[in-house]
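Residue numbering for the sequence shown follows this note's numbering, starting at 9 and increasing by one per position.
Worksheet: one structure, shown below.
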Amino acid sequence: MRQFKTESKKLLDLMINSIYTNKEIFLRELISNASDAVDKLNFKSLSDDSVKLDEGDLAIRVAFDRDARTITISDNGIGMTEEELERNLGTIAHSGSEEFKEANAQSQGDAVDIIGQFGVGFYSAFMVASRVRVVSRAYGEDTAHVWESDGLEGYTIEPGERATHGTDVILTVRENEPGHDGEEGENYDRYLTEWGLKDLIKRYSNYVRYPIQMMVTKSRQKPKPEDAGDDYKPEYEDYQELETINSMTPIWKKRSSDVSQDDYNEFYKSTFHDFENPARAISFHAEGALEYDALLFIPGRAPFDLYSKDYEKGLALYSSNVMIMEKCADLLPDYYNFVRGVVDSADVSLNISRETLQHDRQLRAIARRVEKKITSELEDMRDNDRETYEKFFENFGRGLKYGIYASYGAKASELADLLLLWSAKEQKMVTLAEYAKAMPEGQKAIYYAAGDDRERLAKMPVVTGVLARGYDVLLCTQDVDEFTFQSMREYVARDMPKVYEDDAAREAAEKAQADGAEPETEDRHLALKNVATGDLDLATEDEKKDAEEATKEHEGLFDAMKEALGDKVEKVAVSSRLVDAASAPACITTEGPLSLEMEKVLKKGPDGDMPGVPQAQRVLELNAKHPVFQKLAAAQEAGDTDKLKLYAGLLYDQALLVEGLLPEDPVAFAQNVCELM
9 MRQFKTESKK
19 LLDLMINSIY
29 TNKEIFLREL
39 ISNASDAVDK
49 LNFKSLSDDS
59 VKLDEGDLAI
69 RVAFDRDART
79 ITISDNGIGM
89 TEEELERNLG
99 TIAHSGSEEF
109 KEANAQSQGD
119 AVDIIGQFGV
129 GFYSAFMVAS
139 RVRVVSRAYG
149 EDTAHVWESD
159 GLEGYTIEPG
169 ERATHGTDVI
179 LTVRENEPGH
189 DGEEGENYDR
199 YLTEWGLKDL
209 IKRYSNYVRY
219 PIQMMVTKSR
229 QKPKPEDAGD
239 DYKPEYEDYQ
249 ELETINSMTP
259 IWKKRSSDVS
269 QDDYNEFYKS
279 TFHDFENPAR
289 AISFHAEGAL
299 EYDALLFIPG
309 RAPFDLYSKD
319 YEKGLALYSS
329 NVMIMEKCAD
339 LLPDYYNFVR
349 GVVDSADVSL
359 NISRETLQHD
369 RQLRAIARRV
379 EKKITSELED
389 MRDNDRETYE
399 KFFENFGRGL
409 KYGIYASYGA
419 KASELADLLL
429 LWSAKEQKMV
439 TLAEYAKAMP
449 EGQKAIYYAA
459 GDDRERLAKM
469 PVVTGVLARG
479 YDVLLCTQDV
489 DEFTFQSMRE
499 YVARDMPKVY
509 EDDAAREAAE
519 KAQADGAEPE
529 TEDRHLALKN
539 VATGDLDLAT
549 EDEKKDAEEA
559 TKEHEGLFDA
569 MKEALGDKVE
579 KVAVSSRLVD
589 AASAPACITT
599 EGPLSLEMEK
609 VLKKGPDGDM
619 PGVPQAQRVL
629 ELNAKHPVFQ
639 KLAAAQEAGD
649 TDKLKLYAGL
659 LYDQALLVEG
669 LLPEDPVAFA
679 QNVCELM
């Protein structure tokens with residue numbers, strides 16, 4: 009017995025048990041090696057006139073014998089001599105394919121595409137096989153040789169027989185292993201079935217450029233006997249037929265003009281197990297320092313587990329038509345986790361095995377291009393197919409918002425213009441850019457309200473007050489909305505009409521436009537303001553003056569109400585939002601960065617009932633022009649502290665209900681209402 013070169017036992021054990029984490033990829037590796045052997049012979053026929061070859065005869069065969077527990081992968085490629093068997097299979101991590109590729113780098117062109125250049129793929133066979141036998145006859149040789157090993161100490165090479173050039177790899181499959189200590193055992197029998205092998209071929213090697221053939225069992229109806237009566241029932245028989253399992257030509261390698269939308273739809277539905285057509289298919293080819301093909305799909309609906317912790321993002325990564333990873337997460341940012349598709353590049357660097365990717369600049373470069381392409385397609389859908397885009401955003405908009413929030417606003421420049429929000433004024437979904445374009449002159453902020461119900465938000469006094477001043481309000485009903493806006497802090501509206509500092513500058517610009525000049529534009533930085541927090545600075549000078557006078561005149565009233573409400577509020581003040589008698593008598597706003605809606609979201613979280621959850625700093629704002637305010641002032645002037653305390657509690661609880669919050673003591677609230685009645 010010959011010994012493996014290098015520290016065989018340790019290295020082989022490392023490769024079998026550590027480099028590969030998924031046993032079923034053994035077939036992918038062996039088929040890729042077979043494809044390499046066929047490629048080498050094909051290349052030799054192109055460069056050597058003495059080699060006569062019919063390319064249509066080149067193929068790879070897979071067979072199994074359940075009783076003998078063997079799987080055989082055969083090719084009619086270039087084969088190996090005794091020396092090549094010794095060098096390629098006796099030296100772990102040596103790659104004949106890599107050596108061949110380097111030697112012919114200048115002359116390969118598109119005629120040959122060596123896959124197996126990584127040196128250890130062959131040894132993945134020992135993950136499922138207790139013994140591996142390789143029978144190979146080199147092209148032009150009369151004698152075959154047999155390499156055999158149990159993958160432990162060493163191997164043997166002896167003369168053998170094979171009718172033609174090529175290689176057979178025969179695996180003796182291990183016996184099933186029972187589970188221990190609650191862990192599942194290993195079922196090796198699944199590799200000894202027609203269905204199991206066909207599934208592995210279609211999943212990992214479906215687009216290998218040569219036919220992968222296999223004898224499959226089919227059923228057919230027997231001919232009806234001539235003497236059969238009227239009650240004859242058809243009989244069926246099984247028969248064997250050689251079938252090509254793989255499709256060979258990947259759809260993403262074809263030009264978009266040669267593929268119909270129906271073809272894309274069928275590929276998407278069959279590959280990604282969806283019953284709906286995709287909203288959009290994106291096919292592109294990149295050339296230059298890095299060459300690759302990509303076929304991406306934006307689904308027509310959200311998968312049921314999209315927002316669960318078990319959902320796995322990622323694109324299928326292929327190298328020269330061989331699947332390397334079913335879901336390469338590094339190719340997609342989290343906010344585009346819904347995108348499905350394929351990236352195929354022969355230039356992706358791999359480390360040791362096809363399963364272990366180097367996280368290098370090549371992969372990052374592909375990911376950046378993929379992200380830009382997705383963004384560009386979504387922008388096109390938004391601008392030219394609004395109905396489809398609104399449906400898309402309904403399904404996946406939460407992820408885009410979360411992308412801004414999770415990046416602390418760093419991704420706002422890429423994602424903000426993809427957001428859609430409900431306009432209370434327009435009564436439809438609008439983008440932030442559309443909101444900005446429709447703003448009246450002088451508006452300096454984008455106003456929004458956050459809650460769980462659009463209809464309730466539209467009726468809130470803090471919203472109707474802003475609408476009454478002629479400004480639109482975006483109604484946000486998803487729990488991530490306000491967190492997203494706070495991460496953004498502002499929105500940069502591009503190409504807005506220029507605002508001039510004085511009349512002279514505006515008149516000069518108008519004169520220039522009259523003479524044929526283009527209207528001047530500017531990028532405007534618009535703050536994002538929740539209508540229920542802080543000072544919106546919307547009051548007129550007269551309203552501000554009235555509020556100041558009411559505050560001074562009724563300072564004792566506000567102090568008394570604050571004392572009655574205690575820690576429930578930070579203060580009681582005159583409202584600049586509620587400015588006429590028709591408005592509500594009071595509303596609750598907040599100071600600081602935390603709004604009531606954000607407080608509600610945090611309380612719904614896993615630690616919501618724990619001490620230390622942040623609380624909003626509540627402010628009870630009173631409408632000084634409402635008749636109720638006069639009742640409050642009268643109670644204060646009369647020194648009726650009990651009535652004032654009752655009114656303060658009622659107004660506070662009423663304002664909470666408007667905000668969609670229950671009073672802290674619903675029973676006391678009901679009793680107070682009854683007392684007034």
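We put the CB at the ideal spot given by N, CA and C, even for glycine.
Contacting residues, own chain, Cβ-Cβ under 6 Å from residue i (five flanking each side not counted)
i    : result
N112 : Confidence at N112 is low in this model, with a pLDDT of 49, below 50, so the placement of that residue should be treated as unreliable; the coordinate-derived value is given next. Excluding sequence neighbours, N112 sits near nothing in its chain.
F400 : A287
V474 : Y455, V481 and V539
N345 : K321
C336 : G322, L323 and L325
S115 : Because the pLDDT at S115 is just 48, under 50, the model does not fix this residue reliably, and the value given afterwards should be weighed accordingly. Closer than 6 Å at the Cβ level, and outside the excluded window around S115, lies no residue.
Where residue i falls: helix, strand or coil (DSSP)
i    : result
A520 : helix
D673 : coil
V46  : helix
S431 : strand
D487 : coil
I209 : helix
F126 : Bear in mind that a pLDDT of 38 at F126, under 50, signals an unreliable position, so the number given afterwards is only what the model happens to contain. Three-state result, F126: coil.
E402 : helix
Y660 : helix
V681 : helix
A547 : coil
I454 : strand
D150 : coil
T529 : strand
F72  : strand
L340 : coil
S138 : strand
Same chain, Cβ closer than 7 Å to residue i, five either side skipped, listed in chain order
i    : result
Y410 : Y343 and V488
D673 : none
H293 : D301
D197 : N184
A373 : L298
Contacts around residue i, its chain only, beta-carbon distance under 8 Å, and the 5 residues preceding and following it disregarded
i    : result
I68  : I39, A42, S43, V46, I81, S82, D83, V216, Y218, P219, I220 and Q221
V675 : none
Residue range of the unbroken alpha helix (DSSP H) whose run includes residue i
i    : result
T541 : Neither: T541 is in no alpha helix (DSSP H) and is coded neither H nor E.
Q370 : R369 to N392
Y443 : L440 to K445
S291 : First-last for S291: R288 to A294, but that is the beta strand (DSSP E), not the alpha helix (DSSP H).
I420 : As written in the sequence, residue 420 is Ala, which differs from the Ile given in the question. Residues A420 to L423.
Beta-carbon proximity of residue i to residue j, cut-off 8 Å
i    : j    : result
L5   : Y655 : Lying before the first or after the last residue shown, residue 5 is absent from the chain, which here runs from 9 to 685.
L426 : R390 : yes
P446 : D480 : Residue identity check: residue 446 is Ala in the sequence provided, not Pro. Against a cut-off of 8 Å, the Cβ pair of D480 and A446 comes out as a contact.
E563 : S584 : no
K52  : V59  : yes
E149 : R288 : no
R36  : G162 : no
E528 : A517 : yes
L544 : E498 : no
F491 : Y456 : no
I209 : I253 : yes
L630 : V582 : yes
L586 : L640 : no
W155 : V136 : no
L200 : F312 : no
N-terminal and C-terminal residue of the beta strand (DSSP E) that residue i is part of
i    : result
G349 : R348 to D352
R244 : Strictly speaking, residue 244 in this sequence is Tyr, with Arg absent from that position. Residues Y244 to T252.
Q623 : Here Q623 belongs to no beta strand (DSSP E), and DSSP marks it neither H nor E.
A581 : K579 to V582
M222 : I220 to Q229
Practice problem: Taking 8 Å as the threshold, find out whether the region 395-407 comes into contact with the region 307-314 through three or more Cβ pairs. | Solution: yes
Quiz prompt | Meets three-Cβ-pair contact criterion under 8 Å: the region 608-615 and the region 671-682 | solution = no
Quiz item: At a cut of 8 Å, does the region 166-176 reach the region 198-215 through at least three beta carbon pairs?
Solution: no
Quiz prompt | Three-pair Cβ contact test at 8 Å for the region 517-524 versus the region 458-468 | solution = no
Quiz item: If we count Cβ pairs, one from each stretch, closer than 8 Å, do we get three or more for the region 665-672 versus the region 588-606?
Solution: yes
Exercise. Answer yes if the region 175-182 comes into contact with the region 70-81, meaning at least three C-beta pairs across the two stretches below 8 Å, and no otherwise.
Key: yes
Quiz item: Touching or not, the region 231-242 and the region 273-284, by the rule of three or more beta carbon pairs under 8 Å?
Solution: no
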